[in-house]
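Asks:
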């Protein structure tokens, strides 16, 4: 801006510039910009034309230079137009906006020939129409007719301000005012117009409009709103009520209609001021509201006022219309009052009552078909504006009027209603005759006999009611009364008792005529004693006292005899003279004396009265309540057995009277307090009994009569707990071991101890004996198999049995692991590898190792030798680590001696050069089927390299051998499949490694096996033949193909040998020695980072040896680097042997380890030197033997990872290492092609 501002020249400076410039050509405006008014969005052009323009022409907007480029960058809507050669620099503004509303100047800049000039200021006036017009009026709340409201219309954001006019249904509203306010931004204005309007009912639904005029608009902006005005409705009208009187029960339909109103009227019906209905319908089209009332007229509606009211939101008060109705109705009920039953000659007083009715009813009386006229009528005001009517009549009845109907009739003339009430008249009169049917009075009857007395009665209205009496007292248990054609009867069934003797039974017949007649009879009854009672004068009975009982027998007919009984005993008491008693019988009395004991308590003494005539008797008893001190039952146990932790119950069989006995239990002289020990309860219950609770318990029981005591022994049985008398137990091999466990148990039973050896081994157990609570296991002539953890179990029948473990440790002198895999260790002798010589011994106690090399005790101060010993259980492993193995210094016999306090053992281990493997051992058959044979063998020494196995077999008719490579490569069990049934095969197996192959197992022995017959298939014979033919054809086909392939392989092998020999000769002529040295150097460079690990031995190249050292080693071995005198070629095989010297050390013979299928492996497999099946090996690749002209490096580094760490001697065995990646090895044609370390073997 500062640089541009230099072009701005003030008009006051122009004269001064003219004087300075002198007579030079002055630039001038031909035309200058003028004010321009454009609507928003239009295009504005400001003209500027300069004569003799020599300076830069540009435009200034409100003091801001727009730039001299005609496109005016930064202002996309601005540009300069016109012909610049003619000095035309017009400013064009497209799509004018409010921001363009500003002053503009055209300036011509100063030049060498002219001074700067500035045009007059021109304004661009942009017209902005209002964005919208809206009415500020809340029509959500309708207006109310008669009220005044202010209507405001606003036109927003215009320039200049808009002109607003308000209309109501196209009629302009006058008398308003208008004003403006600031808009949303500068230069914009909001126009407000207000007018006051009085709402009319006719305004409802009319349009209210606002028009905003503006010069930028062709037509004004318009907004409208529909007015909603509330006004009251017209008064209602009732339709459907044309009659003044309505009969009750009539259903009438009334319609109330109210026209007009906004909103339409709300209608509701009332009756006597109570709302009947608030439901109505609105008809928008007809502008009316209507409500229908369906009303069933009842008597209660008489003189009721029905009213319909209409109202809406703006009604000042409801508008209503009322109508009164008159209801004609019958009486709700007609009632006949009074008694309609009477004795002949009696007057009846009856009343007939009719409830309220309109108009009142007329009442008439009828008896049968005869109208009665002697009655009095009374009327009174009733319910619902009606009248009640009551008629009273009096009439004297006779016997002939019995059963006639008495009728009361009520008639309403207004409704033509007639209602009657009818009752039947009953006239009573007494019965005429009564008689009895009963036994004769002079015949005796036996008590308990059932007797029937029947009473008959005839005549009377109603028929008589019969009642039985005994000695003047009513009998309530007589049977129900029955009727017959002439009268009634009632039977009395009696089971005769003593009270019936000479009793008078009478029968009365009565009815509602209240006059009774009767008949009676008497009975003679024989009965036993009616009562027996035993009494005594003694209030308390005690053991040892004499008791006298009195038996009083009540009335009997005839006299009874008395007997006494006590349990099974019968006594004759002292009887007195009989006396007269009730019911016409006699009474007798007898007494009995007893000497009391505790056994008499609660026993019953029976007094029996027997009647010989009746052959029956009655009895009662006296229960003896004898007081005596506590006595213990003969069945009281003296000993109680219980299992520990159960609840022990020591029964207390004690009796006493009084029974309130307090018993005190004592155990070991100590009183048992139930409150302090909640386990103890009477009699005696011990919860969660323990062995400490066993012993003698004494109980002392006391009551008010005395004290007594007894003793009971508690025997607590509990499950055994057992412990070892000595653990562990040490015993030397071959001696006798005694394992003892001691049990704490009750009871101690015979045979409660049992022993077993924990683990999977099965050995012969020793002799098991028992001495009281001790269990003894005696093992004679102990072997190493007896060592282990023994478990002693004690079981006395109470769960759970107890066990204890006893460790038997068998001590024996060291025994070294021996065999071909332990007696040899292979390593390169070039000074770049490390070998581990491992010696493992089993022995107890601790085994110590010592080492000799060629008979000389080894000095482990030499940094090239390091010994490490590890122990795991009875296995001890000693590892000698030889660093930078030298063929001259370290190919020797290492002697390992293992010793402890019981003896020692020795093993010679040869450290030799890597070589071909030894033949496998113990080649044997495992299983055989009709088409397969499973074979097994023990691997021999692997020559220090990974070995694999190959099975060779043939049958009698085969022209040559078939070979099968075992997979996985280091497996020692393999199944040969695809064999013929019932065919004899010869099998052999040998081992191969990168150095060559071994002879066949067991000194080239041949294993002859014949396959089994093919099992028969349960199929269709035709299918069997087809299968056999197809199988035979397939086997023949496979045989031919195998023979051809094998022949081709033999031809290729021969050609390979031929070309290989020619290549060998040619290489010898052309300096094969240099190639060999080069290859040796290459192998040395590559082998410096290699590590060959095979089972228990690991070879590392930690230190390199120089060529001088190598030369020294060669001289010490008595050979030259290119010497071939040590090559031993055997035509029958392809084995190459590379000895490093003539030294043959003396070797100690030792038995080779053999492994059978059923031999149990040592318990600690990680220390075993036996060759094991390796089934989880790594990637398997076939070892190829080729005669290619250019032999590759011996080791393939792709499959041999570097291993430079020192392996823990805890795992030094061959059988525990993972199978390493198989290396591709090609057979070399001459010894000079092999590295030095592979050229010999110490034998």
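Residue numbers (the working numbering): 4 to 1246.
The C-beta atom is built at its ideal place from N, Cα and C for all residues, glycine as well.
Treat the numbers as computed from the prediction; the structure is a model and nothing was measured.
1) Just to confirm the assignment, what range does the alpha helix (DSSP H) spanning residue 514 have?
2) Tell me which residue opens and which closes the alpha helix (DSSP H) that residue 825 is part of.
3) So, under 8 Å CB-CB, residue 756 and residue 795 are touching, yes? Tell me the CB distance rounded to an integer number of Å.
4) Tell me the residue span of the beta strand (DSSP E) that contains residue 196.
5) Residue ranges of each beta strand (DSSP E) run of no fewer than 3 residues wholly in the segment 327-398, ordered along the chain?
6) Using the rule of at least 16 other Cβ atoms within 10 Å of the residue's Cβ for burial, across every protein chain shown, is residue 900 buried or exposed?
7) Say whether the segment 486-498 touches the segment 539-558, bearing in mind that this needs 3 or more beta-carbon pairs closer than 8 Å, one atom from each stretch.
8) Nearest CA to the CA of residue 254: which residue from 301, 79, 802 and 280?
9) For residue 303, which option in 260, 261, 293 and 252 has the closest C-alpha, if you only look at C-alpha atoms?
10) For residue 189, which residues from the same chain have a beta carbon less than 8 Å from its beta carbon, with the 5 sequence-adjacent residues on both sides left out?
11) Kindly indicate which three-state DSSP category residue 650 falls into: helix, strand or coil?
12) Can you list, in chain order, the residues of its chain with a C-beta nearer than 8 Å to that of residue 3? Leave out the 5 residues immediately preceding and following it.
13) Nearest to residue 122 by CA position, among 846, 311, 621 and 93, is which residue?
14) When burial is assigned at 16 or more other CB atoms within 10 Å of the CB, is residue 143 buried or exposed?
15) Is the segment 613-630 in contact with the segment 576-586, if contact means three or more CB pairs nearer than 8 Å?
16) Would the segment 604-611 and the segment 566-574 be scored as touching if the rule is three or more Cβ pairs under 8 Å?
17) Tell me, please, whether the segment 510-524 touches the segment 461-476 by the rule of three or more beta-carbon pairs shorter than 8 Å.
18) List the whole-angstrom C-beta distance separating residue 869 from residue 863, where the pair is believed to meet the contact cut-off of C-beta under 8 Å.
19) What does the alpha-carbon distance come out to for the pair residue 161 and residue 115?
20) Quick check on residue 879: does DSSP put it in helix, strand or coil?
21) Fully enclosed by the segment 751-803, which beta strand (DSSP E) runs are 3 residues long or longer?
22) Does the Cβ-Cβ distance between residue 200 and residue 152 come in under 9 Å?
23) Answer with buried or exposed for residue 297, where buried requires no fewer than 16 other C-beta atoms within 10 angstroms of its C-beta.
24) CA-CA distance, residue 30 and residue 222?
25) What did DSSP end up calling residue 268 once you bin it into helix, strand or coil?
26) Where do the N-terminal and C-terminal ends of the beta strand (DSSP E) with residue 718 fall, by residue?
27) For residue 210, count neighbouring C-beta atoms within 10 Å of its own C-beta (all shown protein chains included) and say buried if the count is 16 or more, exposed if not.
28) Under the rule that 16 or more other beta-carbon atoms within 10 Å means buried, what is residue 230, buried or exposed?
29) Check whether the segment 815-833 touches the segment 898-915, counting contact only when three or more Cβ pairs, one atom from each stretch, lie closer than 8 Å.
30) May I have the straight-line CA-CA distance separating residue 103 from residue 65, to the nearest angstrom?
31) Pull up the distance between the alpha-carbon of residue 491 and that of residue 390, whole angstroms please.
32) For residue 726 and residue 746, I'd like the C-alpha separation in whole angstroms.
33) Output yes if chain E places a C-beta closer than 9 Å to the C-beta of residue 258; else output no.
34) State buried or exposed for residue 342, treating a residue as buried only when at least 16 other CB atoms are found within 10 Å of its CB.
35) So, residue 293 versus residue 318, is the Cβ gap smaller than 9 Å?
36) Using a 10 Å radius around the Cβ and a threshold of 16 neighbouring Cβ atoms, would you call residue 541 buried or exposed?
Replies: Put simply:
1) From DSSP, residue 514 is part of no alpha helix (DSSP H); its letter is neither H nor E.
2) Membership of residue 825 in the alpha helix (DSSP H) is indicated by the continuous run 823-826.
3) Separation of the CB atoms of residue 756 and residue 795 is rounded to 6 Å, and the pair is thereby assigned contact status at 8 Å.
4) Start and end: 192-201.
5) As far as the segment 327-398 is concerned, its whole beta strand (DSSP E) runs of at least 3 residues are 329-331, 337-340, 344-346, 350-360, 365-370, 373-375 and 378-384.
6) Here residue 900 is buried: its Cβ has 16 or more other Cβ atoms, across all protein chains shown, within 10 Å.
7) At 8 Å Cβ cutoff, the stretches do not touch.
8) Minimum Cα distance to residue 254 is reached at 301.
9) Answer by Cα proximity: 252.
10) Within the same chain, no residue comes within 8 Å of residue 189 by CB-CB distance, once the 5 residues on both sides are set aside.
11) In the three-state DSSP reduction, residue 650 falls in the coil class, being neither helix nor strand.
12) No information on residue 3 is available, as it lies outside the stretch 4 to 1246 that the chain covers here.
13) Of the candidates 846, 311, 621 and 93, the one whose C-alpha sits nearest the C-alpha of residue 122 is 93.
14) Classification for residue 143: exposed.
15) No, because fewer than three Cβ pairs between the segment 613-630 and the segment 576-586 fall closer than 8 Å, the two stretches do not touch.
16) Short answer: they touch.
17) The answer is yes - the segment 461-476 touches the segment 510-524, with three or more Cβ pairs under 8 Å.
18) Taking a contact as a CB-CB distance under 8 Å, the pair residue 869 and residue 863 counts as one, their CB atoms being some 7 Å apart.
19) If you draw a straight line from the Cα of residue 161 to the Cα of residue 115, it comes to about 48 Å.
20) If DSSP states are grouped into helix, strand and coil, residue 879 belongs with the strands.
21) Correct list: 756-760, 770-774, 777-782 and 791-797.
22) Going by C-beta atoms, residue 200 is nearer than 9 Å to residue 152.
23) Classification for residue 297: exposed.
24) Separation of residue 30 and residue 222 (C-alpha to C-alpha, rounded to the nearest whole angstrom) is 47 Å.
25) In this structure, residue 268 counts as coil in the three-state DSSP scheme.
26) For residue 718, the uninterrupted beta strand (DSSP E) run begins and ends at 709-727, by DSSP.
27) When all chains shown are included, residue 210 counts as exposed.
28) Looking at its Cβ environment, which holds 16 or more other Cβ atoms inside 10 Å, residue 230 is buried.
29) Touching, yes, given that three or more Cβ pairs across the two stretches are closer than 8 Å.
30) For the pair residue 103 and residue 65, the Cα-to-Cα distance works out to about 10 Å.
31) If you draw a straight line from the Cα of residue 491 to the Cα of residue 390, it comes to about 51 Å.
32) Taking the straight line joining both Cα atoms gives about 7 Å.
33) Of the chains in the structure shown, none is chain E; there is only one protein chain.
34) Under this definition residue 342 is an exposed residue.
35) With respect to the 9 Å criterion, residue 293 and residue 318 are not classified as neighbours on the basis of their beta carbons.
36) Exposed, by the Cβ-count rule.
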